[in-house]
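J.:
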């Protein structure tokens with residue numbers, strides 16, 4: 001029997017779909033008025049934050065800091081905390097100190113660092129990016145002393161249940177010269193390479209010249225061109241900073257986790273003058289684990305200028 005009320009009536013139209021907001025670029029955020037910029041950041045989804053992070057990583061250091069400074073002058077504390085996932089906590093905190101008004105600085109400092117809503121957003125972003133530590137991992141630390149100078153490099157690796165590195169951090173103060181690799185280290189490099197694909201090498205997370213023989217916790221399958229090209233260029237830059245008397249504090253993430261071969265290497269590092277603890281330089285870079293990667297290193301004269309400016 002036909003329902004006399006609905007007979008002959010067309011079904012109701014579904015509600016209109018919400019328009020998909022485009023991902024704001026760094027330039028868009030910089031050029032937007034404060035209310036628009038706040039709305040854009042509030043509306044960022046996790047995939048969009050990941051895209052923004054990649055765009056920010058691609059910016060030269062000076063442009064990245066200028067952008068963060070501009071945003072600190074027009075965003076409120078919650079949006080600035082959210083952008084830590086794209087810019088890094090140190091960059092945003094520095095920008096807040098430089099450009100935010102007193103009310104925003106106070107509100108930003110008062111935001112909870114543990115267990116709060118904003119921290120939950122940042123943790124969720126880390127999970128999306130593959131940077132969470134929810135897997136069965138443990139840390140292994142090592143301290144290596146240079147017998148010639150007595151200076152110490154220290155490093156800590158986070159490895160998964162199969163011993164594969166997923167994260168590493170350390171401080172470099174010295175460079176070892178003429179250190180031969182043991183047979184065990186050479187075998188570990190072959191083992192790491194065998195976990196990858198054709199053309200991979202057993203690449204060091206921290207170069208052998210910084211931490212000597214550390215075995216599989218310091219190795220991952222790395223495209224040979226990347227290992228001997230962009231990654232080596234970056235390591236040469238670290239060594240040059242150390243030769244200038246600076247400490248280099250490094251943080252490295254290999255993603256995704258729980259795989260034999262990471263697809264991406266995210267690196268951030270700070271150059272610290274040990275004389276007074278001031279930060280001379282900082283850098284963030286993301287590499288794909290494939291051929292054709294490029295890195296523009298800081299040369300010697302630039303280092304001298306940065307050290308002089310920070311003193």
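Residue numbers (full-length UniProt numbering): 1 to 311. Ideal Cβ placement from N, Cα and C applies to all residues, glycine included. Keep in mind it's a predicted model, so treat the numbers as computed, not measured.
Taking just the CA atoms, how far does residue 240 sit from residue 272?
T.: Residue 272 and residue 240: Cα-Cα distance of roughly 13 Å.
J.: Return the chain-ordered list of same chain residues with a C-beta closer than 7 Å to the C-beta of residue 249, the five sequence neighbours on each side being excluded.
T.: So the list reads 171, 269, 270, 272, once near-sequence residues are dropped.
J.: Could you name each continuous alpha helix (DSSP H) segment of 4 residues or more that falls completely within the stretch 21-48, going from the start of the chain to the end?
T.: DSSP runs (the alpha helix (DSSP H)) wholly in the stretch 21-48: 26-31, 34-42.
J.: Going by beta-carbon coordinates alone, are residue 168 and residue 223 separated by less than 8 Å?
T.: No. Outside cutoff.
J.: Alpha carbon to alpha carbon, how far is residue 74 from residue 111?
T.: Rounded to whole angstroms, residue 74 to residue 111 spans 18 Å at the Cα level.
J.: In chain order, what residues of the same chain lie with their CB nearer than 8 Å to the CB of residue 118, ignoring the 5 residues before and after it?
T.: Because the pLDDT of residue 118 is 47, which lies under 50, any placement of that residue in the model is unreliable, and the number read from its coordinates should be weighed accordingly. Answer for residue 118: 78, 81, 82, 111, 112, listed in chain order.
J.: Taking only the alpha-carbon atoms, compute the straight-line gap between residue 147 and residue 153 and give it to the nearest angstrom.
T.: C-alpha separation (whole angstroms): 12 Å.
J.: Which one of 258, 107, 76, 151 has the shortest CA to CA distance from residue 39?
T.: Closest by alpha carbon: 76.
J.: Check whether the stretch 153-167 and the stretch 244-263 touch, using three or more Cβ-Cβ pairs below 8 Å as the test.
T.: Verdict: yes, contact present.
J.: So what's residue 151 in DSSP terms, helix, strand or just coil?
T.: Reduced to three states, the DSSP call for residue 151 is coil.
J.: Please report how far the alpha carbon of residue 287 lies from the alpha carbon of residue 42, in whole angstroms.
T.: Computed Cα separation, rounded: 28 Å.
J.: If you draw a straight line from the alpha carbon of residue 131 to that of residue 302, how long is it in whole angstroms?
T.: Here the model assigns residue 131 a pLDDT of 47, short of 50, so the residue's position is not dependable, and the following value carries that caveat. C-alpha separation (whole angstroms): 32 Å.
J.: Give every residue of the same chain whose Cβ lies closer than 7 Å to the Cβ of residue 293, excluding the five residues on either side of it in the sequence, and list them in chain order.
T.: If we look at residue 293 and ignore the five residues flanking it on each side, its Cβ neighbours are 226, 229, 230, 287.
J.: One question on the structure: do residue 85 and residue 53 come within less than 8 Å of each other, judged by their Cβ atoms?
T.: It is a contact, given that the beta carbons lie within the stated cut-off.
J.: Give me whichever residues DSSP pairs with residue 223 in a beta bridge.
T.: Paired residues: 200.
J.: Find the nearest neighbour of residue 158 within the set 95, 209, 136, judged by alpha-carbon distance.
T.: Comparing Cα-Cα distances from residue 158 to each of 95, 209, 136, the minimum goes to 136.
J.: Helix, strand or coil, according to DSSP, for residue 194 in the structure here?
T.: The answer is helix: DSSP assigns residue 194 an H, G or I state.
J.: Could you give the distance in angstroms between the alpha-carbon of residue 289 and the alpha-carbon of residue 195?
T.: Looking at the two C-alpha atoms, the distance is approximately 14 Å.
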